[in-house]
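The structure appears right after this line, and notes come after that.
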Amino acid sequence: MLSKEMLIELAAPCYLCGKEAVVDGLCNKCYDEQHPLIEVSTPIPLIACKKCGSVKVPGGWNKIYIGNMTAEELTEAQMDIILEQEIKLFYKELTLSIEEVNKLDRVTHLIVTATGTSHESIPPHDEEYPVEIRFRYGTCDTCGMMSGGYYEAILQMRADGREISDAKKRELTERVTEMTVARYKSDDKAFISLVDDNKFGIDYYIGSENLAKDLADDFEGRYIAERKENFKLVGEDKTGKKKYRVTILVRLPRFSSGDFVLINEQPCQVLAMGGGNLTCYNLIRRERFTINPRNPKWRTIDFLAPLTERR
Numbered sequence: 171m172l173s174k175e176m177l178i179e180l181a182a183p184c185y186l187c188g189k190e191a192v193v194d195g196l197c198n199k200c201y202d203e204q205h206p207l208i209e210v211s212t213p214i215p216l217i218a219c220k221k222c223g224s225v226k227v228p229g230g231w232n233k234i235y236i237g238n239m240t241a242e243e244l245t246e247a248q249m250d251i252i253l254e255q256e257i258k259l260f261y262k263e264l265t266l267s268i269e270e271v272n273k274l275d276r277v278t279h280l281i282v283t284a285t286g287t288s289h290e291s292i293p294p295h296d297e298e299y300p301v302e303i304r305f306r307y308g309t310c311d312t313c314g315m316m317s318g319g320y321y322e323a324i325l326q327m328r329a330d331g332r333e334i335s336d337a338k339k340r341e342l343t344e345r346v347t348e349m350t351v352a353r354y355k356s357d358d359k360a361f362i363s364l365v366d367d368n369k370f371g372i373d374y375y376i377g378s379e380n381l382a383k384d385l386a387d388d389f390e391g392r393y394i395a396e397r398k399e400n401f402k403l404v405g406e407d408k409t410g411k412k413k414y415r416v417t418i419l420v421r422l423p424r425f426s427s428g429d430f431v432l433i434n435e436q437p438c439q440v441l442a443m444g445g446g447n448l449t450c451y452n453l454i455r456r457e458r459f460t461i462n463p464r465n466p467k468w469r470t471i472d473f474l475a476p477l478t479e480r481r
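Taking my numbering, the leading residue of the sequence shown gets 171, the next gets one more, and so forth.
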């Protein structure tokens, strides 16, 4: 006959399978089966923009900057986005791995493997979940607006008393592209509908008014340029609120880096422009100095000659 002490030492059996119970009356295997690491439904519909690759998610579109991505890399990025939305994690410190097992035209079969533990008393284990991704294609809001020629602002770049050189136009366009790409994921209207290179300068038709103003701010400080804004009534929204389109004129000074100018009737060379300041070298005093539009001497600046005419 077993003593009372021996009975206390015997572990209770798992109430599902009869093996030794570890947690809440369940053995390791049964506890894991009752407490899955993740939850994921299948099949999963994936709606992608046929033009830019963005993925439809609750509340909008998750943008992808394609850059130099291959088609396979883009598909993988799209599936990562939708799986992050669809997979529900029940525990911390889980590791997920995804293996593609079959790929058809618009259907991809995956095995999602979750590794982790459902309780601190139970060792880590793997769980495999077969998932089917079904691709569909549409047009995201941004590409729809771009296709329709939508724009909220026109940024006009001009130069005082001179034409803007082709090199400067390329420099301006590179900066516009850089800032637009940086804003791409956070602003659905961060796109350029049209670039008009004309005899007066170069015009950018911009989807986002905020982006256009930020570009104007950047050019104004970078080149110490003059700026004017003009608003035009273009209609009303559904609530009757008036809608305006802004034209921002940014006029570059006649001089640029390397050119020669008169400042307070003394010949100087422009060394650098940026941050709202002009760095110059006084050719008579042989000294370097900085000046900005708040300085009284700013009004005395006169253009002498471009760098190309230096003797």
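For each residue, glycine too, the CB sits at the ideal point set by N, CA and C. For clarity, every value in this text was computed on a predicted model and none was experimentally measured.
Tell me the DSSP secondary structure of residue i in three-state form.
| i | result |
| --- | --- |
| Asp-294 | According to the sequence displayed, residue 294 carries Pro and not Asp. Coil. |
| Asn-465 | coil |
| Met-315 | helix |
| Met-176 | Because the pLDDT of Met-176 is 49, which lies under 50, any placement of that residue in the model is unreliable, and the number read from its coordinates should be weighed accordingly. Reduced to three states, the DSSP call for Met-176 is helix. |
| Thr-285 | strand |
| Val-351 | helix |
| Glu-302 | strand |
| His-279 | strand |
| Ile-334 | coil |
| Thr-470 | helix |
| Arg-392 | helix |
Name the DSSP beta bridge partners of residue i, please?
| i | result |
| --- | --- |
| Gly-405 | Lys-413 |
| Met-327 | Ile-372, Val-420 |
| Val-440 | Cys-450 |
| Asn-400 | Thr-417 |
What is the rounded straight-line gap between the Cα of residue i and the Cα of residue j?
| i | j | result |
| --- | --- | --- |
| Lys-412 | Phe-361 | 23 Å |
| Met-176 | Glu-190 | Note that Met-176 scores 49 on pLDDT, short of 50, meaning its location in the model is unreliable and no value can be drawn from it. |
| Lys-305 | Leu-274 | Here residue 305 is Phe; the residue named in the question, Lys, does not match the sequence. Spanning the two alpha carbons is a distance of roughly 10 Å. |
| Leu-266 | Leu-364 | 43 Å |
| Ile-236 | Val-225 | 12 Å |
| Thr-309 | Lys-369 | 35 Å |
| Glu-254 | Lys-199 | 27 Å |
| Met-171 | Cys-187 | Confidence at Met-171 is low in this model, with a pLDDT of 49, below 50, so its placement is unreliable and no value can be given for it. |
| Glu-457 | Gln-439 | 11 Å |
| Gly-371 | Glu-333 | 7 Å |
| Ser-356 | Ala-395 | 28 Å |
Comparing alpha-carbon positions, which option in the options lies nearest residue i?
| i | options | result |
| --- | --- | --- |
| Tyr-354 | Asn-400, Lys-233, Ala-337 | Lys-233 |
| Arg-345 | Asp-407, Asn-368, Glu-390 | Glu-390 |
| Thr-460 | Glu-269, Ile-433, Leu-474 | Ile-433 |
| Met-443 | Arg-455, Pro-463, Gln-436 | Pro-463 |
| Glu-399 | Cys-184, Glu-406, Ala-382 | Ala-382 |
| Asp-311 | Lys-221, Leu-259, Glu-396, Ser-288 | Lys-221 |
| Asn-447 | Thr-212, Ser-426, Tyr-185 | Ser-426 |
Are the segment 340-350 and the segment 367-384 touching by the rule of at least three beta carbon pairs closer than 8 Å?
yes
Is it true that the segment 195-208 meets the segment 287-304, where meeting means three or more beta-carbon pairs spaced less than 8 Å apart?
yes
Can we say the segment 405-423 touches the segment 321-340, given the rule of at least three CB pairs closer than 8 Å?
yes
Please determine if the segment 337-344 and the segment 242-252 are in contact, where contact requires at least 3 C-beta pairs separated by less than 8 Å.
no
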